[in-house]
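Student: Could you have a look at this structure, given as structure tokens, before my questions?
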Amino acid sequence: DTHPLPDSRAPSAQVKQAPTTTQVEGTLTIVHADDFARGRGRYDLVVIGDDGHATPMKVAVIPDSVRRGMRVIASGSKAADGFSLDTSTITIVAMPAPTFDPVATAPTTNNVLVMPIRFTDTANEPFTPTQINTEFQTNVGPYYQEVSYGLQLLNITVACLPPASVGNCAANTSPGGWLKGLDSVTKLPIGTPASCNFTAIGQAADTAATQAGYNLANYKNRYYVMPSNNACGWAGLAYIGFPYQAWSNAVNALWVYGHELGHNFTLWHAGSLYCPGQVIGGSCSVNEYGDPFDVMGNVRTMHFNSMQKSVLNWIPATSVKTQTSGTATYTLSPIESPGQATYAVKIPASASRTYWIEFRQPIGFDAALSGLPNLGAQVRVSFPFDYPCTSCGGDDTEFLDMTPATANNFSDGTLLAGQSYTDSSNGITISAISASATALTVQVTVPGGAATTTTLASAPNPSTVGANVTFTTTVTGTNPTGTVAFKDGGASIAACSAVALVGSGNSRTAACTTNTLTAGVHSIVATYSGDAANATSSSAALSQTVNGATSTTGIGSSLTPSTAGTSVTFTATVSGTAPTGTVNFKDGATSIAGCAAAALTGSGNIRTATCATSSLSVATHSISAVYSGDATNNGSTSTTLSQVVNKATSTTALSSS
């Protein structure tokens, strides 16, 4: 997880450490509760067991080292609410897997099951399933289609929506069409779980939907729509990413649904920073939901900002221009318009201050901008912050008010054409040069050399384990000199950590040739060092696919034909690049008993595995050997060997008396 949990983000409860009486093991996740009415959020750590059971944790201090997706063992005792764990220790068993909460790299459709859920003590159902479906189909789905430029679609199903398409809805819904919360064991209706036990509410809805005929495995996202539950104190609650579940509390509106699903897509909040009399600096305060132009705030149901869209891969890396030094001019397209070349400028000013500049226009879900100043630049800073939001749920970004003279009015906070903002502490100036309905021209000045660009290409791609691959980078600047570091997933490639630029003029190259890459997909980045006249820059990540080496497998028999009951030894010979792994010996399509995973032995590029068996029946058998492959070698299968097994010879003796 790239968004750690600093101590400034206070946990939901401060509890006295309890003696260890219970242990739970599973995947560490984060659930986020949104108390919009009071303008603050709350987060909790939750352990999801291998059986899917969720255990919220109450902790006195959240260690800096914990991350979503870790496998942990939490120890403690049952909390007063009856379902959480008063946690005394958290043991990290394993770091998050590289594939935990992957960001989609191609257009994706998520199946979403929306479950209106009531209980035996529910006084009334605040809206009908048809009204819920209308909100999701006319607002929520279209919102995500628009803000993602069609890259993230939602296929939404409201459970048991009349006329229900599954067979058991009538028995498992109220007259109003809401699912009746069921006990997971008895399958009988239950009352509202006490103390806002959101995990039990979700489980009761899951049980009811399953009883009604829905296969939950077919839905990546599950959304639970609740009637009013005063015990909760929040309007919406959602996991940050996995396991992609969200709840709303008596609200049927995009401003909650869209926000909570944003958490499921791993986003935090869009806040605002108020520094009286200036844009940033001095005594400042943070409004966790204060960005008026982002659904991850709580003012308007508008587009995610450019930093968030970049994290979600909805805008390409090439559309975000990073400036670390010098003066450069950029033309930005409205962030609402798909398929544009440049959406944002990113300025890393310091370790705790990174600016993001973008351009908005009153298009689609951003139509509310028509009544607000919009011909200019919106400026935000991204996490980590100079001024973090303390005792709250945490932000991805903080919106900066470029018109601080109108105190606490962020809706007019755009840096309009003809205006400039200077960050005197870092020597940075942002100037909005001109703006129209289709483009914003901004000039950015950062201390240091002239801005450079670094691009990266490879050949061949894909390649094969053990074969040479050449990465070639092109650095464009002002007669650039210096070196380029080639890295594979953040680690320097051997002999390529400082390759000198060659050539002449303003565009020069450096090359790295290697044959050490393992099989798989590698993320390669080239970083230019910079020189006295040119700023450093990095290429976009290049995906280099390395295929395993080809292997061949042969098979032989120690005795053919053989006799029933006599031992026969089959030998598989695997040729590859120092192959390791196992061989599965098969009789037809069935593994021979005791020979499904015979280990290779030997050394060098040709190794063997054997299978001895005396269990073959009288017949002609088609024997094959299937090599498993390993990190370097692809698997392979031998040709079929015909093993003839004859009947055993018998003798008959005759005697007389």
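Residue numbers are given in the working numbering: position 128 of the sequence shown equals residue 128, and the series is strictly consecutive. Glycine included, every Cβ here is placed at the ideal spot set by N, Cα and C. Given the structure is predicted, the values throughout are model-derived calculations rather than measurements.
#1: Using alpha carbons as the reference points, say which of Thr516, Asn515, Thr527 and Gly505 lies closest to Ser497.
#2: Provide the residue span of the alpha helix (DSSP H) that contains Pro142, from first to last.
#3: Can you tell me where the beta strand (DSSP E) with Cys275 in it begins and where it stops?
#4: Indicate the three-state DSSP secondary structure (helix, strand or coil) for Met296 in the structure shown.
#5: By a C-beta neighbour count over all protein chains shown, 10 Å radius and 16 as the cutoff for buried, is Val645 buried or exposed?
#6: Thinking C-alpha only, which one of Thr464, Ala467, Thr474 and Gln443 is nearest Pro457?
#7: Determine whether the Cβ of Ala541 lies closer than 8 Å to any Cβ atom of chain C.
#8: Could you name the residues of the same chain whose beta carbon sits closer than 8 Å to that of Thr637, not counting the 5 residues immediately before and after it, in chain order?
#9: Check for me: the alpha helix (DSSP H) holding Val320 runs from which residue to which?
#10: Would you list, in sequence order, the uninterrupted beta strand (DSSP E) runs of no fewer than 3 residues that lie entirely inside the stretch 208-267?
#11: Would you report the Cα separation of Val299 and Trp255, rounded to the nearest angstrom?
#12: Have a look at Pro227 and Ser382 and give me their C-alpha separation to the nearest angstrom.
#13: Tell me the rounded alpha-carbon separation between Gly262 and Gly141.
#14: Helix, strand or coil: how does DSSP classify Asp44 here?
#15: Kindly give me the distance between the Cβ atoms of Ala159 and Ala212, rounded to whole angstroms, as I take these residues to be in contact under 8 Å.
#16: Less than 8 Å between the CB atoms is what I'm expecting for Val499 and Val484, so what's the real figure, rounded?
#17: Using C-beta distances below 7 Å, list every residue in its chain close to Trp234, excluding the 5 sequence neighbours before and after it, in chain order.
#18: Need the endpoints of the beta strand (DSSP E) that Cys611 sits in, please.
#19: Taking 7 Å as the cut-off, does the CB of Met115 come closer than this to any heavy atom belonging to the ligand NAP?
#20: When you compare the CB positions of Val320 and Tyr330, do they come within less than 8 Å of one another, or not?
#21: For the 8 Å Cβ check, are there 3 or more pairs between the stretch 444-460 and the stretch 312-328?
#22: Would you please state the rounded distance, in angstroms, between the beta carbons of Gly489 and Ser537? I believe it to be under 8 Å.
#23: Check whether the stretch 383-399 touches the stretch 270-279, counting contact only when three or more Cβ pairs, one atom from each stretch, lie closer than 8 Å.
#24: Runs of 3 residues minimum, wholly inside the stretch 77-105: which ones carry the beta strand (DSSP E) assignment?
#25: Do Leu332 and Leu182 have their C-beta atoms closer together than 8 Å?
#26: Could you check the C-alpha separation between Ala437 and Tyr244 for me, to the nearest Å?
#27: Our contact map puts Asn221 next to Val112 with C-beta atoms below 8 Å; I'd like the distance itself, whole angstroms only.
#28: Which residues bound the alpha helix (DSSP H) around Val311?
#29: Where does the unbroken alpha helix (DSSP H) through Pro129 begin, and where does it stop?
Tutor: Let me lay it out:
#1: Thr527
#2: Gly141 to Val147
#3: No beta strand (DSSP E) contains Cys275, which DSSP labels as neither H nor E.
#4: coil
#5: buried
#6: Going by the sequence as given, residue 457 is Ala instead of Pro. The candidate whose alpha carbon is nearest that of Ala457 is Thr474.
#7: The chain labelled as chain C is not found in the depicted structure, where only one protein chain is given.
#8: Thr553, Ser624, Ala625, Val626 and Tyr627
#9: Not the alpha helix (DSSP H): Val320 falls in the beta strand (DSSP E), residues Val320 to Thr322.
#10: 221-226, 236-239 and 245-249
#11: 9 Å
#12: 36 Å
#13: 12 Å
#14: strand
#15: 7 Å
#16: 5 Å
#17: Ala33, Asp34, Asp35 and Asn249
#18: Ile606 to Thr613
#19: No copy of the ligand NAP appears in this structure; indeed no ligand is present at all.
#20: no
#21: yes
#22: Incorrect: roughly 19 Å between the Cβ atoms, too far for contact.
#23: yes
#24: 85-94
#25: no
#26: 37 Å
#27: 4 Å
#28: Ser306 to Val311
#29: Pro129 to Glu135
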